Amino acid sequence: MNRFTTRTGAAVIAVATATSVAACGGGSGGGGSSSASASDTLTVAVDADAAPNGYDPLLYSQGQYTFFSTLYDALFVTDEDGKAQPNLVSQFSNSPDNLKTTLTLRDGVTFADGKKLDSTVVKANLDRRTDPKLEAYGQIGKGQASEITDVAAADPKTVVITWKAPQATPENNLADTAGVIVGPDGVANPDSLETEPDGSGPYTLDDGKSTRASSYTLDKNAQAWHADAWSFDHVVYKVITDPQALANAVISGQADVAGILDPTTIDQVESKQKTVKIGGTIVGFPVTDKKGATNPAFGNEKARQALLYATDRTSLVDQLHQGSRATSQLFPEGATGFDAGLDDEFGYDPDKAKQLLAEAGYPNGFDVNLTVLGQPDEDAVAIQSQWKKVGINLKFVTATSTDQVFAAVNTDPVIFGPFAVGSNPAGFVAGALYGGFMNTQGAKEPAIDASLGAALGAKGDAQKQTLTDLNRAITEHAWYIPVYEDFTYYGYNAGKVAAPVFAGTNNYLVLSEIKPAS
Amino acid sequence: MLAYVARRLALAVGTVFAAVLITFLLVHAGQGSPGAVKAGAGASAAEIAQANHELGWDRALWVQFADTIGHLIRLDFGTSLIDGRDLGHDLFTRLPVTGSIALLATLLSGVVGVVLGVTAAVRGGRVAQSINSGAGVALSLPAFWVGILFVYVLSLQLGWLPATGYVPFADDPVGWITSLLIPILTLAVGGAAMIARTAAVGMREALQQEHIRTLRAMGTPTWRIRYVHALRYASVPVVSVLGIQFIALFGGSVIIENLFALPGLGQTSQIAAAGHDFPALISVVVVATAVVVLTNLLLDLVVAALDPKVRTA
Chain L
0 MNRFTTRTGA
10 AVIAVATATS
20 VAACGGGSGG
30 GGSSSASASD
40 TLTVAVDADA
50 APNGYDPLLY
60 SQGQYTFFST
70 LYDALFVTDE
80 DGKAQPNLVS
90 QFSNSPDNLK
100 TTLTLRDGVT
110 FADGKKLDST
120 VVKANLDRRT
130 DPKLEAYGQI
140 GKGQASEITD
150 VAAADPKTVV
160 ITWKAPQATP
170 ENNLADTAGV
180 IVGPDGVANP
190 DSLETEPDGS
200 GPYTLDDGKS
210 TRASSYTLDK
220 NAQAWHADAW
230 SFDHVVYKVI
240 TDPQALANAV
250 ISGQADVAGI
260 LDPTTIDQVE
270 SKQKTVKIGG
280 TIVGFPVTDK
290 KGATNPAFGN
300 EKARQALLYA
310 TDRTSLVDQL
320 HQGSRATSQL
330 FPEGATGFDA
340 GLDDEFGYDP
350 DKAKQLLAEA
360 GYPNGFDVNL
370 TVLGQPDEDA
380 VAIQSQWKKV
390 GINLKFVTAT
400 STDQVFAAVN
410 TDPVIFGPFA
420 VGSNPAGFVA
430 GALYGGFMNT
440 QGAKEPAIDA
450 SLGAALGAKG
460 DAQKQTLTDL
470 NRAITEHAWY
480 IPVYEDFTYY
490 GYNAGKVAAP
500 VFAGTNNYLV
510 LSEIKPAS
Chain D
0 MLAYVARRLA
10 LAVGTVFAAV
20 LITFLLVHAG
30 QGSPGAVKAG
40 AGASAAEIAQ
50 ANHELGWDRA
60 LWVQFADTIG
70 HLIRLDFGTS
80 LIDGRDLGHD
90 LFTRLPVTGS
100 IALLATLLSG
110 VVGVVLGVTA
120 AVRGGRVAQS
130 INSGAGVALS
140 LPAFWVGILF
150 VYVLSLQLGW
160 LPATGYVPFA
170 DDPVGWITSL
180 LIPILTLAVG
190 GAAMIARTAA
200 VGMREALQQE
210 HIRTLRAMGT
220 PTWRIRYVHA
230 LRYASVPVVS
240 VLGIQFIALF
250 GGSVIIENLF
260 ALPGLGQTSQ
270 IAAAGHDFPA
280 LISVVVVATA
290 VVVLTNLLLD
300 LVVAALDPKV
310 RTA
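Line order of the protein sequences matches chains L and D. Counting from 0, one number per residue, gives the positions in the first sequence under numbering that gives the first Met the number 0. Counting from 0, one number per residue, gives the positions in the second sequence under numbering that gives the first Met the number 0.
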């Protein structure tokens with residue numbers, strides 16, 4: 000009996016020891032611990048995985064550039080004023096008709112695969128624009144508003160880009176993720192980027208200290224051409240999806256910068272740390288079915304307009320989102336082309352909504368399906384009751400998988416959520432609303448077409464007017480049913496870092512501008 | 000005993016196989032596909048089909064299943080369909096996180112619960128009532144709420160412990176245990192309450208057994224009667240509950256891992272399920288099932304060691 004007990008005890012100890020040893024072995028557990036001193040390390044906590052599909056930066060939208068700017072360089076980068084500044088490009092010029100852009104490349108840029116930047120690498124990158132999986136190229140791909148028709152490597156340092164339509168500000172089309180240049184090996188074998196980045200950025204990925212979907216540790220590459228411009232020797236990117244845990248991370252000082260903060264945690268964060276905020280996120284309903292394919296009512300412009308007038312944004316903001324701004328237009332308040340008059344003109348008017356429904360042939364309203372993952376959020380529920388008053392029945396379809404949510408742009412007449420329109424709304428329209436995933440039908444609207452083309456082909460005051468026209472066209476033709484402009488908050492530890500800055504009115508940070516507190 | 004262990008191990012292999020089969024069928028029976036996730040929002044049916052073809056998702060079911068089993072037999076967990084990461088390496092880094100939390104929380108629950116339960120049974124009266132009431136309250140508290148409370152007090156107000164994250168043991172042993180303390184305490188609150196009640200009931204029952212009365216009559220010291228003979232009798236249900244608790248904590252770690260941003264198995268299984276990342280999901284299921292089966296086996300052996308009736312049954 001005693002012998003048996005001893006053996007059992009040994010077994011228990013063995014299992015406990017094995018687990019402890021395993022714990023010891025988990026050296027890459029991704030906790031963000033580093034042998035470097037804390038002051039050398041910038042810890043950024045984010046609310047969603049920075050690289051859920053691997054390290055090909057072109058798979059992601061512009062907002063992901065904050066993370067990818069550590070590993071990759073772009074031809075142009077958006078600065079804190081919202082301007083696209085040359086990065087891998089030393090200088091650039093446009094032809095008089097704005098149909099050709101000539102880029103001169105920077106010297107001394109080396110990729111992780113050991114190869115040098117030259118015009119053939121840039122061409123090889125931009126020639127991937129036909130790949131529909133590459134979200135970053137939503138604006139410059141075939142059939143898009145800023146379509147590139149040809150990329151030529153004129154000489155090793157010179158690239159000539161030919162546009163289908165005039166592009167007065169071509170740098171905007173090639174900024175951040177859209178202008179990222181992947182190394183030659185990565186371009187030749189994009190599958191390799193699933194696990195191994197190949198960029199010329201100021202940091203390299205420490206794979207041994209990184210755990211997918213949890214934590215990414217980046218070590219400065221002292222050989223990088225711009226290494227000195229970045230303040231920290233190490234950057235640890237932590238993924239914290241729970242809103243309260245994200246707030247706790249910055250409050251407790253475990254994260255130096257954390258965002259996007261959930262609105263319910265902002266007061267708590269501000270009680271111990273500081274925050275920065277930016278507008279530019281328009282919460283609303285992009286109309287994904289303008290042809291009436293999934294819902295005949297949406298093929299009728301008046302029926303779509305009825306949604307604009309049936310939405311009581313002011314009440315919703317007062318009751319649920321104090322501090323946000325009720326809006327009837329897609330363009331943020333800080334963006335060129337914003338028109339305050341549109342908010343009055345297309346404000347809440349249920350009688351007008353009913354009149355439009357009657358004129359559209361739907362006097363009793365119609366049903367609208369909206370796919371939601373889990374439970375619908377409080378905004379959607381509030382809007383459901385508002386629309387019900389004019390007879391529009393918003394029905395929630397519960398998705399059972401992520402791909403069902405993705406597919407909603409093809410199966411539902413609208414989707415709902417916050418969309419970061421940012422400081423370059425023409426780019427958003429070209430890459431998402433008109434030429435991207437919000438218009439998979441390829442619907443056309445001459446007024447939007449004309450004003451978008453004009454906006455992309457103009458600069459200065461002329462561009463301002465065309466952007467105003469574009470904003471009005473989108474609103475009048477009800478391609479987007481806006482609800483409110485939301486603010487994006489990041490918390491930061493003021494004892495460790497200076498206030499982070501956003502990329503203009505875009506809701507993502509310029510990571511290179513995060514400096515130690517003085 | 001060896002034959003007994005061999006039979007249980009064979010059963011364990013069958014259990015893992017069944018778990019893989021059920022998971023495989025459930026993933027394929029559900030709506031959607033990994034190609035749709037990989038192709039992204041707004042992808043056309045043709046693009047999704049192409050992505051599925053590249054991932055091998057359009058092969059015959061039995062071919063895919065045979066392929067899966069073949070790889071598992073070679074302990075090759077493969078790579079993620081979504082991001083291409085090595086799943087064996089991923090498990091190697093995540094298993095210690097979930098395992099440490101579940102094991103340490105179970106051990107802490109056991110120690111605290113047994114002390115409280117035995118105290119309640121031995122002292123009786125108001126002490127027993129207090130412990131019983133306290134255990135009732137502790138059992139009714141949701142773990143996530145307890146966790147938020149601990150973080151608020153121990154981390155945000157007092158600054159004693161980190162609020163989130165995990166530090167590998169190899170990097171910093173002190174950091175490792177401090178990073179796990181709040182999650183462990185959070186889970187141990189309910190666990191200790193359950194053990195306290197189980198131990199109290201067991202001890203009361205034990206102290207009324209005939210052999211205990213005989214020991215008293217023989218003049219055996221009270222401490223020996225309580226803490227050796229009676230406790231041994233009461234430990235059988237306690238060990239069973241501890242085993243179940245470990246399994247529950249190991250399998251249900253996703254909430255705690257999200258709350259404390261811990262890179263464990265729960266987190267990866269959630270991502271895998273949402274993305275139809277079948278190899279990733281299977282790898283987690285295999286590991287989790289193996290841990291459950293081994294825990295059950297260990298539990299049976301411990302109970303058999305403690306209770307002669309079980310051995311002879």
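Idealized CB from N, CA, C, for every residue including glycine. Model, not experiment: these values are computed from the prediction.
Practice prompt. Under the assumption that Lys271 (chain L) contacts Tyr308 (chain L) (Cβ atoms under 8 angstroms), give the Cβ distance between them as a whole number of angstroms.
Written response: Rounded, the Cβ-Cβ distance is 44 angstroms, inconsistent with contact.
Practice prompt. Quick one: grab the DSSP three-state call for Ala17 (chain D).
Written response: It is helical.
Worksheet item: Counting pairs of Cβ atoms below 8 angstroms between the region 291 to 302 of chain L and the region 424 to 438 of chain L, do you hit three or more?
Response: Result no; under three Cβ-Cβ pairs closer than 8 angstroms.
Item to complete: Would you check if there are 3 or more beta carbon pairs closer than 8 angstroms linking the region 71 to 86 of chain D to the region 267 to 287 of chain D?
Response: Touching, yes, given that three or more Cβ pairs across the two stretches are closer than 8 angstroms.
Worksheet item: So, Ala461 (chain L) versus Lys495 (chain L), is the Cβ gap smaller than 8 angstroms?
Response: Their beta carbons are not under 8 angstroms apart, which means Ala461 (chain L) does not touch Lys495 (chain L) by this criterion.
Worksheet item: Taking Cβ-Cβ distances shorter than 7 angstroms, what residues in chain D pair up with Thr399 (chain L)?
Response: Near Thr399 (chain L) (Cβ distances below 7 angstroms), the residues of chain D are Gly29, Gln30.
Worksheet item: Is the region 303 to 321 of chain L touching the region 496 to 513 of chain L in the sense that three or more CB pairs, one from each, lie closer than 8 angstroms?
Response: Flag = no, the region 496 to 513 of chain L and the region 303 to 321 of chain L do not touch.
Practice prompt. Look at the Cβ atom of Ala11 (chain D), then the Cβ atom of Val111 (chain D), and state whether they are nearer than 8 angstroms.
Written response: No.
Worksheet item: Tell me, which residues are paired with Gly283 (chain L) by DSSP?
Response: Answer is L:Gly416, L:Pro481.
Fill in: When D:Val152, D:Gly164, D:Thr197 are compared against Ala127 (chain D), the one with the closest alpha-carbon
Of D:Val152, D:Gly164, D:Thr197, the residue nearest in Cα terms is D:Thr197.
Discussion item. Alpha carbons only, please: which of D:Ala304, D:Leu293, D:Leu305, D:Val302 is nearest the one belonging to Ala5 (chain D)?
Written reply: For Ala5 (chain D), the nearest C-alpha among the options comes from D:Leu293.
Worksheet item: Does the beta carbon of Ser154 (chain D) come closer than 8 angstroms to any beta carbon on chain L?
Response: At least one chain L Cβ lies under 8 angstroms of Ser154 (chain D).
Worksheet entry | Boundaries of the alpha helix (DSSP H) in which His320 (chain L) is found, first to last residue | First-last for His320 (chain L): undefined, no H or E at that position.
Worksheet entry | Residues in the region 50 to 82 of chain L having any Cβ partner in chain D nearer than 9 angstroms | Listed in sequence order: Ala50, Pro51, Asn52, Gly53, Tyr54, Leu58.
Item to complete: Mind checking which residues open and close the beta strand (DSSP E) that includes His233 (chain L)?
Response: Where His233 (chain L) is concerned, the enclosing beta strand (DSSP E) stretches over 233 to 238.
Fill in: Residues of the region 178 to 207 of chain L whose Cβ lies closer than 8 angstroms to any Cβ of chain D, in chain order
Look at the region 178 to 207 of chain L: the residues with a C-beta under 8 angstroms from a C-beta of chain D are Asp190, Glu193, Thr194.
Discussion item. What residue range does the alpha helix (DSSP H) around Gln383 (chain L) cover?
Written reply: That run of the alpha helix (DSSP H) goes 377 to 387.
Worksheet item: Taking buried to mean at least 16 other C-beta atoms within 10 Å of its own C-beta, is Trp159 (chain D) buried or exposed?
Response: Taking all protein chains in view, the Cβ of Trp159 (chain D) is surrounded by fewer than 16 other Cβ atoms within 10 Å, so the residue is classified as exposed.
Worksheet entry | Straight-line Cα distance separating Glu193 (chain L) from Gly26 (chain L) | Note that Gly26 (chain L) scores a pLDDT of 32, beneath 50, so its modelled location is shaky; the value from the coordinates is reported in the next line. Distance between the alpha carbons of Gly26 (chain L) and Glu193 (chain L): 22 angstroms.
Discussion item. Between Asp276 (chain D) and Leu80 (chain D), how many whole angstroms is the CB-CB distance? I'm expecting something under 8 angstroms.
Written reply: Confirmed, Cβ separation roughly 5 angstroms.
Worksheet entry | Chain-ordered chain L contacts of Asn257 (chain D) [CB-CB under 8 angstroms] | Neighbours of Asn257 (chain D) in chain L, taken as residues at a C-beta separation under 8 angstroms, are given in chain order as Thr240, Asp241, Ala244.
Worksheet item: Taking the Cβ atom as the reference point for each residue, do Glu484 (chain L) and Gly346 (chain L) lie within a distance shorter than 8 angstroms?
Response: Not closer than 8 angstroms, so no.
Fill in: Straight-line gap, Val117 (chain D) to Ile130 (chain D) (C-alpha atoms, nearest Å)
Spanning the two alpha carbons is a distance of roughly 10 angstroms.
Worksheet item: What in chain L is Cβ-close to Pro161 (chain D), meaning under 7 angstroms?
Response: For the C-beta of Pro161 (chain D), the chain L residues within less than 7 angstroms are, from N- to C-terminus, Ser251, Gln253.
Discussion item. Using only CA atoms, which one of L:Asp288, L:Gly142, L:Val234 lies nearest to Asp39 (chain L)?
Written reply: Just measuring C-alpha positions, the residue of L:Asp288, L:Gly142, L:Val234 sitting nearest Asp39 (chain L) is L:Val234.
Discussion item. Here's the rule: buried if 16 or more other CB atoms are within 10 angstroms of the residue's CB, otherwise exposed. What is Gly189 (chain D)?
Written reply: It is buried - the Cβ of Gly189 (chain D) has at least 16 other Cβ atoms within 10 Å.
Discussion item. Tell me the residue span of the alpha helix (DSSP H) that contains Asp468 (chain L).
Written reply: 459 to 475 is the span of the alpha helix (DSSP H), which, as asked, contains Asp468 (chain L).
Worksheet item: Under 8 angstroms between the Cβ atoms of Asp46 (chain L) and Gly252 (chain L)?
Response: Gly252 (chain L) is positioned such that its CB atom lies no closer than 8 angstroms to that of Asp46 (chain L).
Worksheet entry | Proximity of Thr287 (chain L) and Asp402 (chain L) at Cβ, strictly below 8 angstroms | Contact flag unset, no.
Item to complete: Count the C-beta pairs between the region 260 to 269 of chain D and the region 87 to 104 of chain D that are closer than 8 angstroms, then say yes if the count reaches three, no if not.
Response: These segments touch.
Worksheet entry | Boundaries (first-last residue) of the alpha helix (DSSP H) holding Gln84 (chain L) | Boundaries around Gln84 (chain L) are those of the beta strand (DSSP E), 83 to 85, since no alpha helix (DSSP H) includes it.
Fill in: Sub-8 angstroms separation of Ala446 (chain L) and Ala472 (chain L) beta-carbons
In contact: Ala446 (chain L) and Ala472 (chain L) (Cβ atoms closer than 8 angstroms).
Worksheet item: How do the region 106 to 118 of chain L and the region 171 to 179 of chain L stand: do at least 3 beta-carbon pairs fall below 8 angstroms, yes or no?
Response: The answer is no - the region 171 to 179 of chain L does not touch the region 106 to 118 of chain L, with fewer than three Cβ pairs under 8 angstroms.
Discussion item. Please confirm whether Lys132 (chain L) has its beta-carbon closer than 8 angstroms to some beta-carbon of chain D.
Written reply: By this cut-off, Lys132 (chain L) is an interface position.
Item to complete: Measure the C-alpha to C-alpha separation of Pro33 (chain D) and Ile414 (chain L) and round it to an integer number of angstroms.
Response: In a straight line, the C-alpha of Pro33 (chain D) is about 22 angstroms away from that of Ile414 (chain L).
Worksheet entry | Test item: CB-CB of Ile147 (chain L) and Leu125 (chain L) under 8 angstroms | Taking 8 angstroms as the cut-off, the beta carbon of Ile147 (chain L) is found closer than this to the beta carbon of Leu125 (chain L).
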